[in-house]
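2 protein chains.
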Amino acid sequence: MGEPTRSTPSEAAPDDRRRVGLKDVARLAGVSVKTVSNVVNGYIHVTPRTRARVEQAIKELNYRPNLSARNLRLGRSGIIALAVPELDIPYFAELARLVVAAAEERGLTVLIDQTGGNRHREQQVAEGIRDHLIDGLIFSPLALTADDLSARTDDTPMVLLGERIHNGPADHVVVHNVAAAREATHHLAGLGRRRIAAIGAQDDAAGETGRLRLAGYRQALEEAGLPVDERLIAPVDAYHRADGARAMARLLESADPPDAVFCFNDLLALGALRTLLERGYEVPAQVALAGFDDIEDGRYGTPTLTTVSPDKRQISRLAVDLLVERMSGAAQGATREIYVDHRLVVRESTAGRLPS
Amino acid sequence: MGEPTRSTPSEAAPDDRRRVGLKDVARLAGVSVKTVSNVVNGYIHVTPRTRARVEQAIKELNYRPNLSARNLRLGRSGIIALAVPELDIPYFAELARLVVAAAEERGLTVLIDQTGGNRHREQQVAEGIRDHLIDGLIFSPLALTADDLSARTDDTPMVLLGERIHNGPADHVVVHNVAAAREATHHLAGLGRRRIAAIGAQDDAAGETGRLRLAGYRQALEEAGLPVDERLIAPVDAYHRADGARAMARLLESADPPDAVFCFNDLLALGALRTLLERGYEVPAQVALAGFDDIEDGRYGTPTLTTVSPDKRQISRLAVDLLVERMSGAAQGATREIYVDHRLVVRESTAGRLPS
DNA sequence: ATCGTTGTATATAACGTTGTAAAGAGGTCC
DNA sequence: GGACCTCTTTACAACGTTATATACAACGAT
Numbered sequence: 001m002g003e004p005t006r007s008t009p010s011e012a013a014p015d016d017r018r019r020v021g022l023k024d025v026a027r028l029a030g031v032s033v034k035t036v037s038n039v040v041n042g043y044i045h046v047t048p049r050t051r052a053r054v055e056q057a058i059k060e061l062n063y064r065p066n067l068s069a070r071n072l073r074l075g076r077s078g079i080i081a082l083a084v085p086e087l088d089i090p091y092f093a094e095l096a097r098l099v100v101a102a103a104e105e106r107g108l109t110v111l112i113d114q115t116g117g118n119r120h121r122e123q124q125v126a127e128g129i130r131d132h133l134i135d136g137l138i139f140s141p142l143a144l145t146a147d148d149l150s151a152r153t154d155d156t157p158m159v160l161l162g163e164r165i166h167n168g169p170a171d172h173v174v175v176h177n178v179a180a181a182r183e184a185t186h187h188l189a190g191l192g193r194r195r196i197a198a199i200g201a202q203d204d205a206a207g208e209t210g211r212l213r214l215a216g217y218r219q220a221l222e223e224a225g226l227p228v229d230e231r232l233i234a235p236v237d238a239y240h241r242a243d244g245a246r247a248m249a250r251l252l253e254s255a256d257p258p259d260a261v262f263c264f265n266d267l268l269a270l271g272a273l274r275t276l277l278e279r280g281y282e283v284p285a286q287v288a289l290a291g292f293d294d295i296e297d298g299r300y301g302t303p304t305l306t307t308v309s310p311d312k313r314q315i316s317r318l319a320v321d322l323l324v325e326r327m328s329g330a331a332q333g334a335t336r337e338i339y340v341d342h343r344l345v346v347r348e349s350t351a352g353r354l355p356s
Numbered sequence: 001m002g003e004p005t006r007s008t009p010s011e012a013a014p015d016d017r018r019r020v021g022l023k024d025v026a027r028l029a030g031v032s033v034k035t036v037s038n039v040v041n042g043y044i045h046v047t048p049r050t051r052a053r054v055e056q057a058i059k060e061l062n063y064r065p066n067l068s069a070r071n072l073r074l075g076r077s078g079i080i081a082l083a084v085p086e087l088d089i090p091y092f093a094e095l096a097r098l099v100v101a102a103a104e105e106r107g108l109t110v111l112i113d114q115t116g117g118n119r120h121r122e123q124q125v126a127e128g129i130r131d132h133l134i135d136g137l138i139f140s141p142l143a144l145t146a147d148d149l150s151a152r153t154d155d156t157p158m159v160l161l162g163e164r165i166h167n168g169p170a171d172h173v174v175v176h177n178v179a180a181a182r183e184a185t186h187h188l189a190g191l192g193r194r195r196i197a198a199i200g201a202q203d204d205a206a207g208e209t210g211r212l213r214l215a216g217y218r219q220a221l222e223e224a225g226l227p228v229d230e231r232l233i234a235p236v237d238a239y240h241r242a243d244g245a246r247a248m249a250r251l252l253e254s255a256d257p258p259d260a261v262f263c264f265n266d267l268l269a270l271g272a273l274r275t276l277l278e279r280g281y282e283v284p285a286q287v288a289l290a291g292f293d294d295i296e297d298g299r300y301g302t303p304t305l306t307t308v309s310p311d312k313r314q315i316s317r318l319a320v321d322l323l324v325e326r327m328s329g330a331a332q333g334a335t336r337e338i339y340v341d342h343r344l345v346v347r348e349s350t351a352g353r354l355p356s
């Protein structure tokens, strides 16, 4: 000993720029590196005396384990990625909060990828841009098709969210869209409404959500003995407030406007609501309105919004649990498709009365 | 082919469970490990012939670099953490989206920590739970005081968001709260309102935001020659919709209710708005309402919400840039406090007219 | 005394990557 | 034909951690 390890000629400074590692702690405590590691990891067979000495040294040097090194050694990182279109779409924001919380309960950290619903971005995510850094992926794709996902070569465990891929290449947590949409539409019909519009149909290959909810809407109309008027089915480009507002405007300009609207998500509904109120319509007196997702905004608007409420907590927990099972190898073989609960929450936009 | 890849004792299958590394690629391509590394990293001096062979091998084995190993070797991870109270508070959701986007432009990935505004959680974050895994931290604390943060022993670069810590131990991106609050209140006074309430005062040590905005409110009243009526200053526990709704209810029950309200954020304002409409008040005719943050919800409610709009894009960019400068060592020494732009956005809740 | 048995502590070898220094392979120039 | 380039490739040593296998002590029980 004695030889300076750095270019400093004499008297190596104790806390040089160098980060302190197990080695430094070991030297100070006068034990082996592995013993320090044992203390850090709470290994049982360490003498109280030794443990104390080591802990003292750790404190003195302000040692923190290097997670990169640990990850490398262990072959896993304790990080999972959550890939969503955009973080400030309330539905995804709420989901992200719950996923982060659920992951934390299992000792996992969440890293967020925003795809913007962009196909190229989504492909990158599926292909594992962060390979070997994340142990698993919870993915809510917007643009990718089942074929895209099947072509995936990365073998990082993955759980899919949302309703897009059936019989896909990965475990899958999903809401029963058809049934839920049918319930919502059935509720509107039950209020005596005859001209029930739908906002949220989508044409492109990726619009699976829209297709399923539209199917439920159609079923409900048939069951209620109502005709399906294609002019009451409004397509949208995306599921944002602005799209809902525009679609509602188009519906109102038609010769025979609707007396109720089922929007395929709450943002569309809030946009539609804005248009209705702006033009002096009374909601629900003249036009009743229902949405899907049960986001917080809908509970505080005026009127409050009737909506299909998927159990987001359940979705998050299941997603993390399924992923953990794959990561640990506890689950192997055939992919699973799990349906989560939902319920229709009736509020002022279809039932309540506006304050006079 | 033929031999099952699982648990077969002899005849090690070519693609066993083991992950492929540079070594495997090198063997297949008949070159050294370093050469493969050079190809992967786009090093200039590689023969096209060699490069092609290596790339072929990479494709064949479906090789992906192990980021943990790279991080260990390089001493940095390319990951920064963003710590916010909750991801589904719209302001933080919007901020998170922008931070993630800004980070991506600089080749960084964002890992999210949710503190829930919990003091213990925030201390952990400040102390660097993820030391050596993150290169930097963007932190929006709620409960921590300047002293707490000064006591920090972790030396991971950090940038603070929000208005809480002045002359603190880290770079700091901040809105000019006093001025902004004054402008908003001044606007209300300019409408001829005499009894202007404030919702959002906070008592505890951490309520710096509330204190600053309250100071601005008081200044504006003085400038307008209006008396400060302490009964019109409503304290809240948190800045959520429910708190705003409750505070508004209390104000309305007083003997001499307000004819305008400045809420210290938009969620409070939306909650207050709900209470007002529920009780049949007309906004803005009877009570004018202004908020702070300019979240998306406020632009689609009825009436739309007048609010102070901080430049969130600028906040995010600055935060990431300041952090990158610290991480790279380009910036050293004294901490910086940078103010971002804001403007008052006047909408229906103070100026427009409700549709008849 | 001797032999296990149990409890502590250690030396060494990985994990997969990149920086360093140096070796080999061609040219070009006198 | 040798000396000197430049371009390409390589072997080896880190980075900081944990698993494995082993050494050393202390203690009863033979």
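Heads up: the sequence lines are chains W and Z, in that order.
Residue numbers for the first sequence follow UniProt numbering, beginning at 1 and rising by one.
Residue numbers for the second sequence follow UniProt numbering, beginning at 1 and rising by one.
Glycine included, C-beta positions come from ideal geometry on N, C-alpha and C.
(1) Just mark Z:Pro303 as buried or exposed, buried being the case when its beta carbon has 16 or more other beta carbons within 10 Å.
(2) Anyone know if the C-beta pair for W:Gly291 and W:Leu268 falls short of 8 Å?
(3) In whole angstroms, what separates the C-alpha of W:Leu67 from that of Z:Arg53?
(4) Name the two residues that bound the continuous alpha helix (DSSP H) containing Z:Glu278.
(5) What separation, rounded to the nearest whole angstrom, lies between the Cα atoms of W:Ala351 and W:Asp294?
(6) Any idea what DSSP makes of Z:Tyr339, helix, strand or coil?
(7) Is any beta-carbon of chain Z found at less than 8 Å from that of W:Ser68?
(8) Below 7 Å CB to CB, which residues in the same chain sit around Z:Gly128 once its five sequence neighbours on both sides are set aside?
(9) When you compare only the Cα positions, how much space is there between Z:Leu22 and Z:Glu55?
(10) Kindly give me the distance between the Cβ atoms of Z:Ala189 and Z:Ala220, rounded to whole angstroms, as I take these residues to be in contact under 8 Å.
(11) Straight-line CA distance for W:Val110 to Z:Leu82?
(12) For a cutoff of 8 Å on Cβ pairs, would you count Z:Ala101 as touching chain W?
(13) Any residues in the stretch 108–132 of chain Z with a beta carbon nearer than 7 Å to a beta carbon of chain W? Which ones, in chain order?
(14) Consult DSSP for W:Gly207 and reduce its assignment to one of helix, strand or coil.
(15) What residues are listed by DSSP as bridge partners for Z:Thr350?
(16) So is Z:Lys312 buried or exposed if we call it buried at 16+ other beta carbons inside 10 Å?
(17) Using a Cβ cut-off of 8 Å, pull out every chain W residue sitting near Z:Thr350, in sequence order please.
(18) Alpha carbon to alpha carbon, how far is Z:Ser349 from W:Leu251? Give it in angstroms, no decimals.
(19) Verify the CB distance criterion: does W:Ala93 have a CB-CB separation below 8 Å to chain Z?
(20) Along the stretch 256–288 of chain Z, what residues have a CB closer than 8 Å to any CB found in chain W?
(21) Ordered along the chain, which non-local residues of its own chain (more than five positions away) have a Cβ less than 8 Å from that of W:Arg218?
(22) Can you give me the Cβ contacts of W:Ala93 inside the same chain, cut-off strictly under 7 Å, excluding the 5 residues immediately before and after it?
(23) Name the chain Z residues that come within less than 7 Å of W:Asn71, Cβ to Cβ?
(24) Considering only DSSP beta bridges, list what Z:His172 is partnered with.
(25) Going by C-alpha to C-alpha distance, which of W:Gly271, W:Ala184 and W:Met248 sits closest to W:Pro310?
(26) Which two residues bound the contiguous alpha helix (DSSP H) that contains W:Gly128?
(27) Under 8 Å between C-beta atoms, does Z:Ser328 make it to chain W?
(28) Relative to the C-alpha of W:Ile196, which candidate in W:Arg343, W:Ala260, W:Ala151 and W:Gly210 has its C-alpha closest?
(29) Reducing DSSP to helix, strand and coil, say where W:Ala198 ends up.
Concretely, from the data shown:
(1) buried
(2) yes
(3) 34 Å
(4) Asp266 to Glu278
(5) 16 Å
(6) strand
(7) For W:Ser68, at least one C-beta of chain Z is nearer than 8 Å to its own C-beta.
(8) Once the five neighbours on either side are set aside, the close Cβ partners of Z:Gly128 are Asp154 and Thr156.
(9) 12 Å
(10) 6 Å
(11) Going from the Cα of W:Val110 to the Cα of Z:Leu82 covers about 11 Å.
(12) yes
(13) Residues Thr109, Val110, Leu111, Ile112, Gln114, Gly128, Arg130, Asp131 and His132.
(14) Taken through DSSP and simplified to helix, strand or coil, W:Gly207 comes out as coil.
(15) According to DSSP, Z:Thr350 bridges with nothing at all.
(16) buried
(17) Within 8 Å Cβ-Cβ: nothing; Z:Thr350 doesn't reach chain W, min ~17 Å.
(18) 27 Å
(19) Yes, contact with chain Z.
(20) Against chain W - using a Cβ distance shorter than 8 Å - the residues of the stretch 256–288 of chain Z are Leu270, Gly271, Leu273, Arg274, Leu277, Glu278, Arg279 and Gly280.
(21) Val228
(22) Leu87
(23) Result: Ser68.
(24) Z:Leu160 and Z:Glu337
(25) W:Ala184
(26) Premise fails: W:Gly128 is in no alpha helix (DSSP H) and is neither H nor E.
(27) no
(28) Nearest C-alpha to W:Ile196: W:Ala260.
(29) strand
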